Every structure is written in structure tokens, then in C-alpha cells.
Amino acid sequence: MAFDKKRKHSGEQAQAKRSQSKGGPKRQKTQNTEKHFVPVDELPWQTVEVPEMFDDAEGFYGLEEIQGVDVVREGDVVKFKDDKKAENQKMEDNEDEFEGFDDTPEEESTPVETKAGDQKKEPKTKKKDAKDQKKEPKEAKKDGKKDAKKQKKPAPQPTEDPELESNLFTSLDTLPDIEPEEDVDTSEWAPLELSPDLVAAIGNLRFGKPTPIQARAIPEIINGHDVIGKASTGSGKTLAFGIPIVEKWLAKQAEGNEDEKKHPIAMILSPTRELAHQISDHLKKLSDGLTESPYICSVTGGLAIQKQLRQLEKADIIIGTPGRLWEVISTEIAVMNSIRQIDFLVVDEADRLLKDGQFKEAEDIIKALDRTRPGEEAEEDSDSDEEPTPKHNRQTLVFSATFNKALQQKLAGKARYNLMGEAESLEHLLKKLNFREAKPKFIDANPVSQMADKLKEGLIHCGDLEKDLYLYAVLLLQPTRRALVFTNAINTVRRLTPFLQNLGLPAISLHSDMEQKARLRSLEKFKADPPKNANPGSSVQAPILVATDVAARGLDIPNVDLVIHYHVPRSADDYVHRSGRTARATQSGVSIMLCGPKEDIPTQRLITKVHASTAASSGKPKKDLLGVQTIDIDRRLVSHLKPRVTLSKKITETTIAKEKGAKEDDWLKNAAEELGIELDEDEFEKVGSWKGKGSGKKQQEKQARAVGKQEVQKWRWELKELLKRRVNTGVSEKYLNGVDVEGLLRGVRSEFLGQVEGLGL
Ligand SMILES: Nc1ncnc2c1ncn2[C@@H]1O[C@H](COP(=O)(O)OP(=O)(O)OP(=O)(O)O)[C@@H](O)[C@H]1O
Numbered sequence: 023m024a025f026d027k028k029r030k031h032s033g034e035q036a037q038a039k040r041s042q043s044k045g046g047p048k049r050q051k052t053q054n055t056e057k058h059f060v061p062v063d064e065l066p067w068q069t070v071e072v073p074e075m076f077d078d079a080e081g082f083y084g085l086e087e088i089q090g091v092d093v094v095r096e097g098d099v100v101k102f103k104d105d106k107k108a109e110n111q112k113m114e115d116n117e118d119e120f121e122g123f124d125d126t127p128e129e130e131s132t133p134v135e136t137k138a139g140d141q142k143k144e145p146k147t148k149k150k151d152a153k154d155q156k157k158e159p160k161e162a163k164k165d166g167k168k169d170a171k172k173q174k175k176p177a178p179q180p181t182e183d184p185e186l187e188s189n190l191f192t193s194l195d196t197l198p199d200i201e202p203e204e205d206v207d208t209s210e211w212a213p214l215e216l217s218p219d220l221v222a223a224i225g226n227l228r229f230g231k232p233t234p235i236q237a238r239a240i241p242e243i244i245n246g247h248d249v250i251g252k253a254s255t256g257s258g259k260t261l262a263f264g265i266p267i268v269e270k271w272l273a274k275q276a277e278g279n280e281d282e283k284k285h286p287i288a289m290i291l292s293p294t295r296e297l298a299h300q301i302s303d304h305l306k307k308l309s310d311g312l313t314e315s316p317y318i319c320s321v322t323g324g325l326a327i328q329k330q331l332r333q334l335e336k337a338d339i340i341i342g343t344p345g346r347l348w349e350v351i352s353t354e355i356a357v358m359n360s361i362r363q364i365d366f367l368v369v370d371e372a373d374r375l376l377k378d379g380q381f382k383e384a385e386d387i388i389k390a391l392d393r394t395r396p397g398e399e400a401e402e403d404s405d406s407d408e409e410p411t412p413k414h415n416r417q418t419l420v421f422s423a424t425f426n427k428a429l430q431q432k433l434a435g436k437a438r439y440n441l442m443g444e445a446e447s448l449e450h451l452l453k454k455l456n457f458r459e460a461k462p463k464f465i466d467a468n469p470v471s472q473m474a475d476k477l478k479e480g481l482i483h484c485g486d487l488e489k490d491l492y493l494y495a496v497l498l499l500q501p502t503r504r505a506l507v508f509t510n511a512i513n514t515v516r517r518l519t520p521f522l523q524n525l526g527l528p529a530i531s532l533h534s535d536m537e538q539k540a541r542l543r544s545l546e547k548f549k550a551d552p553p554k555n556a557n558p559g560s561s562v563q564a565p566i567l568v569a570t571d572v573a574a575r576g577l578d579i580p581n582v583d584l585v586i587h588y589h590v591p592r593s594a595d596d597y598v599h600r601s602g603r604t605a606r607a608t609q610s611g612v613s614i615m616l617c618g619p620k621e622d623i624p625t626q627r628l629i630t631k632v633h634a635s636t637a638a639s640s641g642k643p644k645k646d647l648l649g650v651q652t653i654d655i656d657r658r659l660v661s662h663l664k665p666r667v668t669l670s671k672k673i674t675e676t677t678i679a680k681e682k683g684a685k686e687d688d689w690l691k692n693a694a695e696e697l698g699i700e701l702d703e704d705e706f707e708k709v710g711s712w713k714g715k716g717s718g719k720k721q722q723e724k725q726a727r728a729v730g731k732q733e734v735q736k737w738r739w740e741l742k743e744l745l746k747r748r749v750n751t752g753v754s755e756k757y758l759n760g761v762d763v764e765g766l767l768r769g770v771r772s773e774f775l776g777q778v779e780g781l782g783l
């Protein structure tokens, strides 16, 4: 295409220019398209050699041509579109769009060191940008992910990121977006006399009033007391200690004492890695709303130590698991010295610290905190002959939903006897904590019931071998947004996850034998977008997390409405914490125990223990008030589900046995090779088998390994066919109690769950 260079600004072109500049705020797509239009003077014109004969032509002083330009006519307006520029722009746009976060380890390098660290320096506008990005439609993100995969865009360099946890945990993400003008009334926070900046930050979280534990603990902590706080699960204990810590940090910033600012203000000990990351996230969310915010870092095992160390050096608030914290601070004197000057030591889920061998490390940390530095020691010793009492200025805050009853009584000044056993060791821990005050304030926000207000509890009696069947039945029957299944053993998690997946349910595993990054990814998946239709009556099944007790404490995952105890928990406290993953804050939820014949007695004991105080305070007989309802699931429904459960079990067990067998074979072969022994097939068989304990199971595994691939495929096909048939399960809670079965079987309710068809009775 060629144009006369002697081109005046025609009315059309001027109009074209005007209309481009008038663009104003339009939808993104329009803006992008506008970007591709180029003013006529800026097009990449090329001079054309003209024949001599035109040299003297009047008014004709040259010819230029252009390629790759589209002329677009919009009504009276003509626009020029540079295709090459448009193409480049498109590529840039695609790159901008990429926000993929898939399952590959590379993705874990999402830079998250920003957050609180950057909060310190970042102007508010930046945060707003981040928020805006978050608000981008999910679909766009997904497309971005797909495109990125298609283009094989080089993944970001793995940077051993200790904070994959970013935004994994808090349910704050699920709060509906609020318009800026929609202010939350925070007047109920006024009695706590917090700084206006902090109240505004709390308002940003849309928390209109403090929870009972917050209302009681925050003033005591601000007044400088040591506090032992007890309140039911999901009742806001994290902010009960988090708010006063941030308040003190703000006060120190205002004082402007540079020395004071150099060391961290608080160290929070958490029993699990996931909980540590969650607390960190929760406090960062609170700090997001501040003009200036503390640098918060989490220090947990399973992630790169070097980066954690760098973060520790600049941290204001440290949250960590005792093992990793001890590993880092015991070797880094500078960090240790800095941590010694903390104002707050928090022990979250204190009673759990007694388990899993964490006690020793927690004790080491506390001892190290109190050990005076060499110079100071000499001074003290020379001044006094008395036993050196460790001097520190820190406040100690201990929180949990469960404290041993005897210890509680003692703390409340009511104990008439010495503490024994577990309580004794908790008391021992409390002693080791070396409180600043002789008598820390004990605040019990829920003296009567340990369980959350809006929690319903149920119990299903079934045979030992029927648990899988009942688990499946409950998951089909009880509509959920998210369900959590707890087991007492890692192997059960390993088996149940594929078992449920084979049945078409989106099960995800979580246990301590998984790599830390895989653990965080599992939680991320579980917490990911709630399925759009995962509501009563929907055919979309909500995610199911199958976990050991590693997920029992503290995790605040939004919209978990069902907790199933596949195994009866080992202790009443475990039951309280597991069940506490549902019915959090203002939400309601259901907790159901599957109880085999052998578990009957421990279950009764457990229920009595958990509900004894409720019964006692009402003065009614315990048996009427155990609060746990026995659920009868209709046998006809259960027996209808049995064939598919049997098939899924067979497939799962065969697959696991084959995998395990292959690993054992490899191990044997490697061991034989190293010893320079050649094993023939028969010997190989002999070495791999024995007649001792567990030989029955071994035999079963052997049989399972012998099943041919075709057979397994046949089972899979049969199961697929069964799953295609619809089961009218209905979605009434009444149904769980066996009340409305007839109606459901007749198809009175029009709601269906799963992809299975009528009971066929
Ligand atoms: N004042 C408040 N008003 C409303 N919701 C709140 C308030 N404070 C905290 N929350 C929310 O309540 C939920 C539970 O809080 P948190 O995780 O601190 O509970 P918890 O008592 O520590 O539970 P657990 O014993 O299980 O660890 C969180 O989603 C948190 O954001």
C-alpha cells in the first residue's frame, strides 16, 4: 500500500486522532485494541525510489510506502492499525496475563518475600494493585495458566521459597469484596483502647467486634501481664495475642528508639509447620491495613534454611516450629542474641508441644532465651551470692483450646490435689516458660463447653470392615463445601485417598511423611476455589482432605462443613481440635465419628470426657446430654453402595501392593547387588517372605500383586459403569438420621448428589 507523502491532516485523520485520545476509561479489551492504532505520522513509512520524470512535478516531492498496516474505518473515522505492533502488544499482554500457579515445584518460587517486608516500605497504592490483581476473574487466571503451559514459557527459577504458604490459609480471602465506602463499625473495639491505625486495620478485616477471648485477653496483655488463654476452636485466639503484639510494635515505632527497633518484638512457637505459616499469614493480613507494618517471617522445617536465616535477621515477628527454630538460632549467635530481647514469647497450642518430641526443643529455646550473655553473667554473679534468677522483660502468652482439666483447676486456683501425668508435664512446661509474673492471668473464655457453639456431633456405629463403606455413604449424603477426614495412621491416608478418588471423589492427602512443599500444595488445593455448585443438591463434589492429626490443630480453612473421624481420635483433646476445623468463627459444621466395635468403649469415654462439664453445669444426667447424636444410615442405601466400594477397595489395594512390591524388589535387588550375591527367582521369593507377625497381610499383598493388569482394568470398567448409575441420596440432614428415607427412596426430593442413579430397589 502506498500513500502520497504530501498528506495533509484531513478532517477524517484529525477525527481519528481525537477519537483515539478521547478514549478515556474503557474496558480493558478496548484499551488494548486502541493501543494498536497508530497516528498516521508515526507509521513506519519507507521511501520509494521514484522515476526521474516525477522530479519536477509540481507539488509532488516524494513517495513513501508502508506495509503491514490495516486501515480501519469506523463510521466517519479512519484509523491505521500497525499489525506488527499489535502482534508484539499481544505477546506482551499474554505475558502480563500469566499468573499461573500449577503443581510443578518451579511454581513454588512465587516471590513472596514481599509481603510484610515490603509492607514496611511499600506505599499503600502498591498494596491496592496487589488487591486488584487478586480480584481478577478466576477464568482469566486459568486461561493465563493454560496459555503459559502451551507456550512452554520458561518457569521462574526455583528460589527455595520458604513461604509457598502465601495466602494459603486464612479464611479472610473468602470474605466478599467490599466497596471502599462500606465502612465496618468498629466502635465495639473502643474499650480495648487500641491505636486508631490498628482499629482501622481490624476494620479492614471486617471484624466489627472482638470475640470473647480477644475482649478479655487483649487488655491484660496490653497492661503487661503474662496470660494463659483458653477458648474454643475457631474463636479468634490468634488475634487475641496478635493484636497486642502489633499494638506494641506500633508504639515502639512511634517512640522512635532505633535500638529497640533492631531486635524482634515477638517469637511465636507453633506445633505444626502449617499452623506456623497460617499464623504468619493471619498477622500479615492484619498488618496489611496499617500505614507501616512489621516484618513477619515464618521459620519451619522442610524449607530452605538459608533464606529463613536471612529473613530472621530482619524480622520483627517470628513464627516457627520449635525444631527448626532451635536448629537456626542455636547455631547463629547474633540471631540468638537478638531474639533474647523479644518482648513477647507466645506458645500457641501449648498442650500439643508436649507431644511429638517437640518439648525438648521448646525447652532448649526457652533456656537459651534466659541464658544471660557472658558479660552480664559476670556482673550478676559478682553482685550477689543468691541463686541467679534469670531476668527478662518479656511477657509470656500461652494459648490453646484445650488444657488438662486438673491443670485448669490449678490455674484457676481451685485444685485440691497435685497434678499427675500429662498435666504434670504441662505444668512442667509452664514452669519452664519462666513467666515474668508469679501468677499469670488465666483466662478461660469457654469454661463450660470446649466445643464450638455451632458444631453438631454425630456417631455412626459400623463393623470394622465397613468403615470405607460408611465413609463413602456419609460423603455422598452430607452436602459440603469442604470435608476433612481424619485418620490415626499415615498408611490409612495413603489408602483412603486413592480409594475415594476411584469413586470419583476429589480426595487430597496430607500427612507428615509428605515433603513440606507437597503438604503446602495439598492445603492449597483443598483451599482452592470452592466448586461453584458444591451446594446442597449439586452434582459437583466438594474437595475432601484426608489427613492425619497434622491437620488437627489450628488450621483455619474456610468452609469446611464436615469433619469425619475415620478412626476414633486417640484423646479427647484430639477430638476437640479435629472437630474444631469446622464450625469456626460464625459458621456451623458437623463432626461425625465412625466407630467400630472395638472402639466402642474408648468412644464412650471420650464423649463423656468432652461433654462432662456441659452435663455437670446443667445438672441433668450425663447420658442425656452427651451432645453426640447416633446416626443411623439406612442399610438399604449402604448395601446399594457396597459393590462400588468393594471394587474401589480391590483396585486401590492391588495398586498399592504392586507399587510396594516393586519398591521392595528394587530394594532387595540393590542389597543383593551390593553384597555381590546373585539371586534366582526362587531365592528372591524366599528372601521376600517370612512366617512371623504380619505374614497374613504379606500373603494378601502377594496375592494382590499377582492380579493381572487386565483384571484391574476390568474392575475399573465395572466401577465406572456403576458410578454412572444415579443414587437418589437426597441431601437432607434428616436423612442422615434415618428419618426421611422412604420419601427419599421414592424420589420425593428432586435433589441428587453424585453421578449415580436411583437405588434400583
Ligand atoms: N473479632 C473477630 N470477628 C470475626 N472473626 C474473627 C475475629 N477474630 C478472628 N476471626 C476469624 O475467626 C477465625 C478463627 O480464628 P483463629 O484461627 O484465630 O481461631 P483459634 O481460636 O486460634 O482456633 P484454633 O483453636 O482452632 O486454633 C479466623 O478465620 C479469623 O479470621
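Numbered according to this note's numbering, the sequence shown spans residues 23 to 783.
Glycine residues also receive a C-beta, built at the ideal position from the N, C-alpha and C atoms.
Quantities reported herein were computed from a predicted structural model and do not represent experimental measurements.
Taking the Cβ atoms as the reference, residue 505 lies roughly 6 angstroms from residue 564, within the contact range of under 8 angstroms. Around the beta carbon of residue 256, 16 or more other beta carbons lie within 10 angstroms, which makes this residue buried. Separation of residue 654 and residue 482 (C-alpha to C-alpha, rounded to the nearest whole angstrom) is 7 angstroms. Distances from the CA of residue 572 to each of 331, 538, 524 were compared; the closest alpha carbon is that of 538. For residue 479, the enclosing beta strand (DSSP E) has its first and last residue at 477–483.
Taking each of 452, 421, 336 in turn and checking the Cα distance to residue 389, the smallest one comes out for 452. For the pair of segments examined, the region 598–612 was found not to touch the region 518–525: the number of CB pairs separated by less than 8 angstroms stays below three. Around the CB of residue 485, fewer than 16 other CB atoms lie within 10 Å, so the residue is classed as exposed. In the displayed model, residue 212 falls within a helix according to three-state DSSP.
Taking 7 angstroms as the cut-off, the Cβ atoms of residue 318 and residue 302 count as close. For residue 387, the closest alpha carbon among the candidates 59, 266, 454 is that of 454. When secondary structure is reduced to three states using DSSP, residue 529 falls in the strand class. Between residue 614 and residue 586, the gap from beta carbon to beta carbon is short of 7 angstroms.
Within 6 angstroms of the C-beta of residue 229 there is at least one heavy atom belonging to ligand 1.
Here residue 619 is exposed. Its C-beta has fewer than 16 other C-beta atoms within 10 Å. Within the same chain, Cβ atoms closer than 8 angstroms to the Cβ of residue 275 are found at 283, 314, the five residues on either side in sequence being excluded.
Contact annotation: residue 468 and residue 254 have beta-carbon atoms nearer than 7 angstroms. Ligand 1 approaches residue 233 closely enough that one of its heavy atoms is under 6 angstroms from the residue's Cβ. As a beta-bridge residue in DSSP terms, residue 418 pairs with 367.
Per DSSP, the continuous beta strand (DSSP E) segment holding residue 613 begins and ends at 611–617. By a beta-carbon distance limit of 8 angstroms, residue 293 does not contact residue 385. Their separation comes to about 14 angstroms. Residue 417 and residue 659 have their alpha carbons spaced roughly 57 angstroms apart. Restricting attention to 247, 617, 93, 207, the CA atom closest to the CA of residue 480 is found in 617. Following the DSSP letters along the chain, one finds residue 342 inside the beta strand (DSSP E) bounded by residues 339–342. Taken atom to atom, the span from the alpha-carbon of residue 364 to that of residue 289 is near 7 angstroms. Shortest gap from the CB of residue 419 to any heavy atom of ligand 1: 6 angstroms or more. At least one heavy atom of ligand 1 sits closer than 6 angstroms to the Cβ of residue 259.
The closest heavy atom of ligand 1 lies less than 6 angstroms from the beta carbon of residue 606. DSSP places residue 351 in the helix class (H, G or I) of the three-state scheme.
Less than 7 angstroms separates the beta-carbon of residue 530 from that of residue 544. In the structure shown, the three-state DSSP call for residue 358 is helix. For residue 330, the uninterrupted alpha helix (DSSP H) segment begins and ends at 327–336. In the structure shown, the three-state DSSP call for residue 291 is strand.
DSSP places residue 589 outside both helix and strand once states are collapsed to three, so it counts as coil.
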